[in-house]
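Novice: Take this structure, written in structure tokens, and hold onto it; I'll ask about it next.
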DNA sequence: GTAAGTACGCACATAAAGGTAAGTACCCAT
DNA sequence: ATGGGTACTTACCTTTATGTGCGTACTTAC
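Chains as they are written, first to last, in the numbering used here: chain A, 41 to 179; chain B, 41 to 179.
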């Protein structure tokens, strides 16, 4: 996908020069910016559900699996890894014999979780209006 | 995908009985709820960009195409249709000879747009912290 | 008159996301 | 000792999303 990013235009702001105060965030329209990936993780099919579920407290892997109806183990593990990698989810594994792992939100995770939930809530709340706008629900 | 939705559990709340006050919104954990699709459209790869772009005012098709660097005509048209179908974008076509179409946000669209932008902004603003959390940026 | 721009639609192809099934290592209840 | 639960991983396959390129109908610019 030929992203002719010709000159080395900064995607995320030089992380060690003028950082602190201004911190230019080159996202949205900059394809290579890592924040795009973060957004992807957070708004992924199961990411939203997991974040919201965890807003309700610590959960074990299988608890999440049961609560998030329809998710496969593969995707649950994958999504949790993404969120963990982004620093939103904290994983605590107990070295007991039948595996026991607990997942919870980090302070940062709680923040995004709330934002995501806010968006989801807005959509839910305005669904009737949205549906009313168009009789033919384009798939 | 055997969604054993056994009994007819409401996905979106009966839109004409206990509506007004309570309005049960059966989203998030209800796979069949249309709000899932809306979320998908809104958080899609180009949906976010388009909404943000339109927050800046009315745009023509090719204006959007140029502004949203990297989008293909196909996807731009597709995403605009989704958003139009959801009642977020208003399409106005002038019956002139070289096609002239203008896209803008509806009041509803402006609201979601702001929510989406809020999430995106949060992520952008906290990217340094997010990146700092994990040295290995899981793809 | 030849090229380019406009706003798409259509068909084909690939990439990415997601699902399915099975395996692992070990424990507890029956 | 057989089955089920726990927390995953890996290999394989399907679905969905997105990209590429071409065609249109007509006009203005060169």
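Every residue gets a Cβ at the ideal spot worked out from N, C-alpha and C, and that includes glycine.
A quick note: this is a predicted structure, and the numbers were derived from the prediction, not measured.
1. Do residue 136 of chain B and residue 82 of chain B come within 7 Å of each other at the CB atom, strictly closer than that value?
2. So, does the CB of residue 144 of chain A fall closer than 7 Å to a CB anywhere in chain B?
3. Compute the beta-carbon to beta-carbon distance between residue 79 of chain A and residue 160 of chain B, rounded to the nearest angstrom, for a pair I have assumed lies under 8 Å.
4. Return the chain-ordered list of same chain residues with a C-beta closer than 6 Å to the C-beta of residue 133 of chain A, the five sequence neighbours on each side being excluded.
5. Can you look up residue 123 of chain A in the DSSP assignment and give me helix, strand or coil?
6. Establish whether the CB of residue 103 of chain B and some CB of chain A are separated by less than 7 Å.
7. Determine the extent of the alpha helix (DSSP H) in which residue 94 of chain A is found, giving its start and end residues.
8. Run through DSSP, which three-state label would residue 82 of chain A get?
9. Looking at the unbroken alpha helix (DSSP H) that takes in residue 72 of chain B, where does it start and where does it end?
10. With a threshold of 7 Å between beta carbons, is residue 111 of chain B in contact with chain A?
11. Could you check where the beta strand (DSSP E) with residue 112 of chain B kicks off and where it finishes?
12. First and last residue of the beta strand (DSSP E) that includes residue 141 of chain A?
13. Is DSSP giving residue 152 of chain A helix, strand or coil here?
14. With a CB to CB cut of under 8 Å and the five nearest residues on each side skipped, what residues in its chain are close to residue 152 of chain A?
15. Taking the C-alpha atoms as reference points, what is the distance between residue 94 of chain A and residue 124 of chain A?
16. Would you say residue 119 of chain A and residue 86 of chain A are within 7 Å of each other, going by their C-beta atoms?
17. At least one CB of chain A closer than 7 Å to the CB of residue 162 of chain B: is that the case?
18. Quick one: is residue 91 of chain A near chain B, going by C-beta distance under 7 Å?
19. Leaving aside the five residues before and after residue 130 of chain B along the sequence, list all residues of the same chain whose C-beta is less than 8 Å from its C-beta, in chain order.
20. Could you check whether residue 110 of chain B and residue 164 of chain A sit closer than 7 Å to each other, using their CB atoms as the reference points?
21. Would residue 127 of chain A pass as an interface residue toward chain B - the criterion being a Cβ-Cβ separation below 7 Å?
22. Label residue 170 of chain B either buried or exposed according to how many other C-beta atoms from any shown protein chain fall within 10 Å of its C-beta, with 16 as the threshold for buried.
23. Should residue 83 of chain A be flagged as near chain B, meaning a C-beta pair shorter than 7 Å?
24. Could you check which residue in A:89, A:167 and A:73 has the C-alpha nearest to that of residue 115 of chain A?
25. When the cut-off is 7 Å and only beta carbons count, does residue 155 of chain A lie next to chain B?
Specialist: Inspection of the coordinates gives the following:
1. For residue 82 of chain B and residue 136 of chain B, no; Cβs fall outside 7 Å.
2. It does not: the Cβ of residue 144 of chain A has no partner Cβ on chain B nearer than 7 Å.
3. Contact annotation, residue 79 of chain A with residue 160 of chain B: C-beta distance approximately 6 Å; criterion of less than 8 Å satisfied.
4. Here residue 133 of chain A has 141 as same chain residues with Cβ atoms under 6 Å from its own Cβ, once five neighbours each way along the sequence are excluded.
5. Reduced to three states, the DSSP call for residue 123 of chain A is helix.
6. Not an interface residue.
7. It spans 87 to 95 - the alpha helix (DSSP H) in which residue 94 of chain A sits, taken as one unbroken run.
8. Here DSSP, grouped into helix, strand and coil, assigns residue 82 of chain A to helix.
9. Counted as a single uninterrupted DSSP element, the stretch harbouring residue 72 of chain B is not any alpha helix (DSSP H), since DSSP gives it neither H nor E.
10. No Cβ of chain A is located within less than 7 Å of the beta carbon of residue 111 of chain B.
11. For residue 112 of chain B, there is no enclosing beta strand (DSSP E), as DSSP gives it neither H nor E.
12. For residue 141 of chain A, the enclosing beta strand (DSSP E) stretches over residues 140 to 145.
13. Here DSSP, grouped into helix, strand and coil, assigns residue 152 of chain A to helix.
14. Only 82, 91 and 128 meet the Cβ criterion.
15. Roughly 12 Å between the two C-alpha positions.
16. Cβ distance < 7 Å, so residue 119 of chain A and residue 86 of chain A count as in contact.
17. Residue 162 of chain B has a beta carbon lying within less than 7 Å of a beta carbon in chain A.
18. Not one chain B Cβ lies under 7 Å of residue 91 of chain A.
19. Non-local C-beta neighbours of residue 130 of chain B in its own chain, meaning closer than 8 Å and more than five positions away in sequence, comprise 124, 143, 144, 145, 146 and 149, ordered along the chain.
20. With contacts defined by Cβ atoms closer than 7 Å, residue 164 of chain A and residue 110 of chain B do not form a contacting pair.
21. Taking Cβ atoms only, chain B reaches closer than 7 Å to residue 127 of chain A, which makes this a yes.
22. Buried, because 16 or more other Cβ atoms sit within 10 Å of the Cβ of residue 170 of chain B.
23. Chain B has a Cβ within less than 7 Å of the Cβ of residue 83 of chain A.
24. Comparing Cα-Cα distances from residue 115 of chain A to each of A:89, A:167 and A:73, the minimum goes to A:89.
25. Yes, residue 155 of chain A lies at the interface with chain B (some Cβ there is under 7 Å from its Cβ).
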